[in-house]
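These notes concern the structure reproduced below.
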Amino acid sequence: MATTTTLNIRTTTDVKRLIQQAAEIVGSNKSEFAIQAAQEKAREVLLDRVHFALSDEQMERFNNICDQPLPASSRKSVERLLSRKAPWES
Numbered sequence: 017m018a019t020t021t022t023l024n025i026r027t028t029t030d031v032k033r034l035i036q037q038a039a040e041i042v043g044s045n046k047s048e049f050a051i052q053a054a055q056e057k058a059r060e061v062l063l064d065r066v067h068f069a070l071s072d073e074q075m076e077r078f079n080n081i082c083d084q085p086l087p088a089s090s091r092k093s094v095e096r097l098l099s100r101k102a103p104w105e106s
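If you read the sequence shown in my numbering, its first letter stands for residue 17, the second for the next number, and so on.
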């Protein structure tokens, strides 16, 4: 089990009430609800920041590589990679 720590936040009464209402609807408490929502948003932000910039030449080369059949020597590695959960699915 992961070690726990404290996260203190300040908010308005209206936001606190909103979080409480939503937490009650899903059968959770304010802390659990806020942490889950913050965790989901953090993952979304981090995953949206992945960006690859390629020149036209690099993109053409990349597309050519992708169009080639996968070498037999790489198949097991690729199958193993594809069988894992993505980081955002954990």
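Beta carbons: idealized from backbone N, C-alpha and C, even for Gly. Fair warning: this is a prediction, and the values are worked out from it, not measured in the lab.
What span of residues does the alpha helix (DSSP H) with Ser89 cover, start to end?
-> From DSSP, the alpha helix (DSSP H) with Ser89 extends over Ala88 to Ser99.
What's the gap between the Cα of Ala39 and the Cα of Thr29?
-> 15 Å
Please list, in chain order, all residues of the same chain as Phe78 whose beta carbon is under 7 Å from its beta carbon, the five residues on each side excluded.
-> Leu70
Look at Gln36 and Lys46 and say whether their C-beta atoms are less than 7 Å apart.
-> yes
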